[in-house]
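In this text, residue positions in the sequence shown follow the numbering used here: the first is 8, and each later residue adds one.
Beta carbons: idealized from backbone N, C-alpha and C, even for Gly.
As the structure is a computational prediction, the values presented were derived from the model and not from experiment.
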Amino acid sequence: RDPSTIGTGQVVDFPAGMDLGHAKHLTDSDLIIIPCRPTWPDLKGLARTITFARAQAGPRTKIVLFANAISAKSSDLSLFIEGAAPYGLPIVGHFTQRVAYGRAGLAGVPFGELDPTAGQEVSKVAATVKGIVKS
């Protein structure tokens with residue numbers, strides 16, 4: 008949510024449960040990032056979100072996945088990778104510093120200011136996303 012990590016362009020953050028009112032934004036998008044937590048219920052619901060995004064995406068729109076709010080345990084990331092694999096979409100990254108993001112949001116400062124590891128995670132994901140958009 009820190010605009011300085013995104014660069015130029017427009018970011019649209021949809022609430023959970025997309026509907027046809029979001030279709031125009033998806034069709035006009037260069038990139039759709041679908042966040043998902045590494046839990047079986049969330050991974051199970053991922054199929055419906057991906058199907059909707061693919062149906063509404065424009066011909067040049069790229070769709071990628073993002074592991075949201077995982078712990079630093081490698082088992083969480085493994086579960087996400089295993090659950091996301093059947094969809095064949097690239098995974099652009101994951102955030103493990105959940106507490107740092109919450110604290111930064113409450114303090115109204117960029118997360119890297121409070122936790123350098125969180126700042127590094129954001130920078131890595133932002134660089135990956137920029138690379139995908141440019142390709």
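Sequence-distant Cβ neighbours of Ala64 in its own chain, meaning closer than 8 Å and more than five residues away, are Leu33, Thr34, Ser36, Ile39 and Ile70. The alpha carbon of Asp83 has as its nearest neighbour, out of Gly119, Ala133, Gly100 and Val129, the alpha carbon of Gly100.
Residue range Lys69 to Ala74 is occupied by the beta strand (DSSP E) that includes Phe73. Contact check for Asn75 against Pro48 fails: the beta carbons are separated by 8 Å or more. In the structure shown, the three-state DSSP call for Pro123 is helix. Residue state for Pro42 is assigned as strand, using DSSP reduced to three classes. By the CB criterion at 8 Å, Ala107 and Phe118 fall inside the cutoff. The three-state reading of DSSP puts Val116 in coil, since its state is none of H, G, I, E or B. For the pair Ala91 and Leu121, the CB atoms are not nearer than the 8 Å cut-off.
The three-state reading of DSSP puts Gly52 in helix, counting H, G and I together. Under the DSSP assignment, Gly100 falls in the beta strand (DSSP E) whose first and last residues are Ile98 to His101. Residue nearest to Ser142 within the set Ala30, Ala111 and Thr68 is Thr68 (criterion: CA-CA distance).
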